[in-house]
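Q: Sequential numbering from 26 applies to the sequence shown in the working numbering. Beta carbons are placed, not taken as given, at the ideal position from N, Cα and C, and that holds for glycine. This one's a predicted model, so the numbers in the text were calculated from it and none came from an experiment. This is the structure I want to talk about, given as structure tokens.
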Amino acid sequence: MSDRDEELRGLDVVLRELRHARHGLYGPLVRERFLGGLPAGVTPTGYRVLRLVEASTPPPPTVSDIAALLLSDRARAVRVVDRLAAAGLVTRVRDTVDRRIRRVALTDTGRRHVALAAARRTRLLGEAVADWPDEDLARLTDCLERLNASVARHLPVPGDR
């Protein structure tokens, strides 16, 4: 096995730990602190939907758009959007051009919660790397941006090309 293969295996382990470990960015302890300020019942997937809706360029996305971005089926996306709508975080609005199309938009309450959650996430990341030199943080950010771009280029989602 080559040194590069060993490094790639190490990268895979680190990424899995980052995502799934107890203290990872998506682990239960961080998730509890991070989602704690959101209304009851908002799951990590619900938060992703809120962020997707917030980041979308006009017009707002449809439920089918959201399902595609989540790499999920439409039925699951409908359930998540229904829960967010019941919590008053999103609303369904008619498309201005084709009235048959319903789009998902953030409510003012949803926008406030997304902003608070984003600030909380930034604060948690800041705590995690508080003792890192600025150069290390910049280097990590650059490397992760390159990794995201490489993955998108070499492992595209079907339909994205």
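Residues in the same chain with beta-carbon distance under 8 angstroms from Ala102, minus the five sequence neighbours each way, listed in chain order, please.
A: Here residue 102 corresponds to residue number 77 of the sequence shown, with the count starting at 1. Hits under 8 angstroms: Val74, Val88, Ser89, Ile91, Ala92, Leu95.
Q: Alpha carbon to alpha carbon, how far is Ser97 from Glu79?
A: Locating residue 97 in the sequence shown gives position 72, where the first residue counts as 1. Locating residue 79 in the sequence shown gives position 54, where the first residue counts as 1. Cα-Cα distance, rounded: 19 angstroms.
Q: Take the Cβ of Leu8 as the centre, count every other Cβ of all protein chains shown within 10 Å, and call the residue buried at 16 or more, exposed below.
A: Any answer about residue 8 is impossible in this case: the structure gives the chain only from 26 up to 186.
Q: Cβ atoms of Pro85 and Ala130: under 8 angstroms apart, would you say?
A: One-based indexing of the sequence shown puts residue 130 at position 105. One-based indexing of the sequence shown puts residue 85 at position 60. Result yes, Cβ atoms of Ala130 and Pro85 sit closer than 8 angstroms.
Q: Indicate the three-state DSSP secondary structure (helix, strand or coil) for Val154 in the structure shown.
A: Reading the sequence shown from its first residue, position 129 is the one you call residue 154. If DSSP states are grouped into helix, strand and coil, Val154 belongs with coil.
Q: Residues in the same chain with beta-carbon distance under 8 angstroms from Arg136, minus the five sequence neighbours each way, listed in chain order, please.
A: The residue given as residue 136 occupies position 111 in the sequence shown. Cβ neighbours of Arg136 beyond the five flanking positions: Glu79.
Q: Apart from the five residues just before and just after Val176, which ones in its own chain have a Cβ nearer than 7 angstroms to its Cβ?
A: As a position in the sequence shown, residue 176 is number 151, starting the count at 1. Excluding sequence neighbours, Val176 sits near nothing in its chain.
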